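First comes the structure, then the notes that go with it.
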Ligand SMILES: NC(=O)c1ccc[n+]([C@@H]2O[C@H](COP(=O)([O-])OP(=O)(O)OC[C@H]3O[C@@H](n4cnc5c(N)ncnc54)[C@H](O)[C@@H]3O)[C@@H](O)[C@H]2O)c1
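Numbering (the numbering used here), first residue to last: 7 to 364.
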C-alpha cells in the first residue's frame with residue numbers, strides 16, 4: 007500500500023489498543039508498516055476485538071497502565087520515545103458516566119493531561135492525535151450540524167469530560183510556544199462508530215448482537231433518536247491522515263502548526279434514527295426480539311456534525327455509506343456466530359477493501 011508513507015516504520019504509541027476502535031487502528035497501522043506500541047487496561051469485555059482478532063500479535067510492545075496514573079504514563083512514554091501518539095483510551099460510554107462521573111473525568115480528562123504532559127517532555131514525539139467525540143458540542147437540539155468552531159459543552163458526564171479534555175488540549179496548544187516546544191496536538195471528533203468487534207454494554211450494535219447470539223430481547227431506549235453512524239474504518243482513515251501529516255512534518259508547516267480540531271462525520275443522509283438501524287440489521291443479519299423502555303437519563307435526540315473542513319483540507323470523506331457500513335458490521339458479527347476463527351482474516355479483508363476504495 008502506498009498511502010500514508012510516513013507511517014512506515016514509525017513508532018506509534020496507541021492508547022486504548024485493547025478496545026474496539028483501538029483494535030481496528032492496530033490492524034490498519036500494521037498494514038501500513040508502523041511499529042505499534044499499546045498502552046491500555048486489559049480487555050474490558052469478553053469476548054473482545056483484542057482476543058478475537060489477535061491484536062497482540064500486531065504489537066511491537068504493550069503495557070497495561072492506568073492512563074490516570076501520571077508517573078507510570080510519564081515514565082513509560084519517556085522510555086518508549088515514540089514518534090507520535092494516537093490517544094483512544096477512555097471511559098467512552100454515556101450511561102456508565104452517570105454511574106461513575108469521577109472515574110469518567112479521571113480517565114478522560116486527567117488521563118489526557120497525563121499523556122499531553124508525557125508527550126511534551128519527550129522530545130521524540132512530533133505530535134498527538136486525541137480522539138474525542140461529536141458529543142463535545144453544546145447541543146441545543148436545533149438539528150443543525152456543528153462545525154469545529156461551535157461552542158463546546160456536554161449534557162452528561164461523558165460528553166462534558168470529553169469537552170473538558172478539549173479545553174485542556176487548547177491550553178496545551180497555546181502554551182507550547184512558552185515551553186519552546188514544537189509539537190502538534192490534533193483532536194478528532196467523530197460520530198457513532200459501528201463495525202465488528204464492539205462488545206461494549208449500552209451500545210446499540212453490541213446489544214443487538216448479544217440479543218441475537220443469546221436469543222434474548224433487546225431493550226430500545228430512544229427509537230427515534232438520530233445519530234451520525236459511520237464505519238470504524240472511515241474514522242481510522244481520518245486518524246491516519248492526521249498522523250501521516252504530523253510524521254511527515256506537513257502540519258508543522260501550516261498556520262495551525264500546533265494542531266487543531268477536526269470533525270469526521272458521515273453525510274447528512276447517513277444520520278438515521280435507531281429504528282432504521284434495527285430494521286436494516288434485521289435484513290442484513292436476523293430480526294431481534296425488541297422491547298421498548300424510556301431511558302431515565304438524558305440522551306440527545308439529534309446530533310450531526312459538519313465535516314467539510316476535513317473534506318476540504320485533508321481530502322477525507324467516508325468511503326462507505328450507512329448501508330454499506332451496516333452490512334459490513336452484520337457480516338462481522340455473523341462470522342462471530344458461525345466461524346469465530348475467521349475473524350482476524352475477515353477484519354484484514356474488510357480493511358484492505360476499504361483502503362482500496364478510497
Ligand atoms: N465507539 C464510539 O461510538 C465512539 C464515538 C465517538 C468517540 N469515541 C471515542 O473513541 C475512543 C475509543 O472508543 P471505543 O468505543 O473503541 O472504546 P472501548 O471501550 O472499546 O475501548 C476503550 C479503551 O480504553 C482503555 N481504557 C479505559 N480506561 C482506561 C484507563 N483508565 N487507563 C488506560 N486505558 C484505559 C481500555 O482498556 C480500552 O483499550 C474513546 O476515546 C471514545 O470516547 C468512540
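We treat Cβ as the ideally placed atom computed from N, Cα and C, and that holds for glycine.
Note that this is a predicted model, so its numbers are computed, not measured.
For a test of your reading of the model: does the CB of residue i fall under 7 angstroms from any non-hydrogen atom of ligand 1? Yes or no.
| i | result |
| --- | --- |
| residue 351 | no |
| residue 47 | yes |
| residue 95 | yes |
| residue 198 | yes |
| residue 165 | no |
| residue 315 | no |
| residue 27 | yes |
| residue 50 | yes |
| residue 380 | With the chain running from 7 to 364 in the structure shown, residue 380 is simply not present. |
| residue 23 | yes |
| residue 117 | yes |
| residue 288 | no |
| residue 76 | no |
| residue 72 | yes |
| residue 103 | no |
| residue 204 | yes |
| residue 224 | no |
| residue 311 | no |
| residue 139 | yes |
| residue 98 | yes |
Please classify residue i: does DSSP put it in a helix, a strand, or coil?
| i | result |
| --- | --- |
| residue 278 | strand |
| residue 292 | coil |
| residue 97 | coil |
| residue 337 | helix |
| residue 31 | helix |
| residue 16 | coil |
| residue 349 | helix |
| residue 317 | helix |
| residue 10 | coil |
| residue 283 | helix |
Could you round the C-beta distance between residue i and residue j to whole angstroms and report it? I think they count as a contact, below 8 angstroms.
| i | j | result |
| --- | --- | --- |
| residue 61 | residue 32 | 5 angstroms |
| residue 42 | residue 65 | 5 angstroms |
| residue 147 | residue 269 | Actually they do not touch by this definition, with Cβ atoms about 18 angstroms apart. |
| residue 218 | residue 294 | 6 angstroms |
| residue 185 | residue 126 | 6 angstroms |
| residue 247 | residue 322 | 6 angstroms |
| residue 138 | residue 195 | 5 angstroms |
| residue 174 | residue 135 | 15 angstroms between Cβ atoms; not a contact. |
| residue 386 | residue 331 | Beyond the ends of the chain as shown, which are 7 and 364, falls residue 386; an answer cannot be given. |
| residue 44 | residue 20 | 6 angstroms |
| residue 116 | residue 206 | Actually they do not touch by this definition, with Cβ atoms about 22 angstroms apart. |
Let me confirm a value: residue i is counted as buried when at least 16 other C-beta atoms fall within 10 Å, else exposed. Which label applies?
| i | result |
| --- | --- |
| residue 329 | exposed |
| residue 357 | buried |
| residue 108 | exposed |
| residue 243 | buried |
| residue 141 | buried |
| residue 52 | exposed |
| residue 166 | buried |
Exercise for review: Let me know the beta strand (DSSP E) ranges lying completely inside the segment 211–260, each 3 residues or longer, listed in chain order.
Suggested key: Contiguous beta strand (DSSP E) elements confined to the segment 211–260 occur at 224–226 and 232–237, taking only those with 3 or more residues.
Review point. In the segment 139–218, which residue ranges form an unbroken beta strand (DSSP E) of at least 3 residues, counting only runs that do not cross its ends?
Key: Residue ranges of uninterrupted beta strand (DSSP E) with 3 or more members, entirely inside the segment 139–218 and ordered along the chain, are 190–196 and 198–200.
**Study point:** Whole runs of the beta strand (DSSP E) within the segment 33–78, excluding any shorter than 3 residues
**Key:** 41–46 and 67–70
Exercise for review: List in chain order: all unbroken alpha helix (DSSP H) runs of 4+ residues lying wholly within the segment 102–127.
Suggested key: 107–111 and 117–126
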